[in-house]
Each structure stands twice: as structure tokens, then as C-alpha cells.
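Worksheet: one structure, shown below.
In our numbering, the protein residues as written are 1180 to 1318.
Structure (C-alpha cells):
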């Protein structure tokens, strides 16, 4: 499965949830401030993965969920490659989820979302990212 989201997060919030699983399964993608006050992407499935590179401006996030080699691209750049963990998705909630035992809502603007039932080829991913960059004028 792949997930695409184009968003801008409000800088004043400490935690923002992009997606969470609908049911009892643990599968969350959030933006959280680290101890230095810098936004980082946090993915929680069977484990936790922290990824730097979230801008205060518009972000194009593309995540490939793959049991053996997941990849995360931020604004077209590979920002993570490796095991995210295997978490079953039992429905998705966009913009609301649980972070550190608290219900958290997304505070910002989500311009585009896409849930793709497989992983795209590199060429298709690059074309999709370039299209989003062109539409939203992301540098």
C-alpha cells in the first residue's frame, strides 16, 4: 500500500496526526516536535520510526508500506528506507488519532490525499510527485 498526502502543518502545535487506523490496530502517521522543537514525521506500527525533513511550508509526503523495505519520500527526496514494521490496517482515519495516549487532531491544511493499493514504480512515483510540485508550486 502507498499513501500520498500534500499538507501544511500549523507550527504552533506539538503533535499532529495525518492518519491512524480506524479500529484496534496500531498504524499511525503523525508529525511531532522533537526535544529541540523541530517537526519530524513519526510512524507507529509494530515499532516507531522517526524521520526528519518536514518543512514549515507545503510538504508532499509519499509513503510505501512494504513489510521488508518501506520507503518514505518528502518533497520527492528519499528520507527513509527500511523496515517500518508490519501493522495491519483495519480502516483509516485522516486527521485524527492517538499520540502518547491522547487523541490528537490535525491542525493545518491537507490539500491532497491518495491511498494506493500497491506501490508505484519509481517512474510513476516521480511523475506523481512532480505533478504535485507543479500544481502546488513546491520547490
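A virtual CB, placed ideally from N, CA and C, is assigned to each residue, including glycine.
{"Item": "Per DSSP, residue 1183 forms a beta bridge with which residues?", "Value": "1241, 1293"}
{"Item": "Within 10 Å of its beta-carbon, does residue 1275 have 16 or more other beta-carbons around it, so buried, or fewer, so exposed?", "Value": "exposed"}
{"Item": "What residues in its chain sit with their C-beta under 6 Å from that of residue 1250, if we drop five residues either side in the sequence?", "Value": "1243, 1260"}
{"Item": "DSSP on residue 1217, reduced to helix/strand/coil?", "Value": "coil"}
{"Item": "Go through its chain and collect everything with a Cβ distance to residue 1258's Cβ below 6 Å, but skip five positions before and after it.", "Value": "1230, 1232, 1251"}
{"Item": "Quick one, which of 1246, 1247, 1313, 1283 has its alpha-carbon nearest residue 1210's?", "Value": "1283"}
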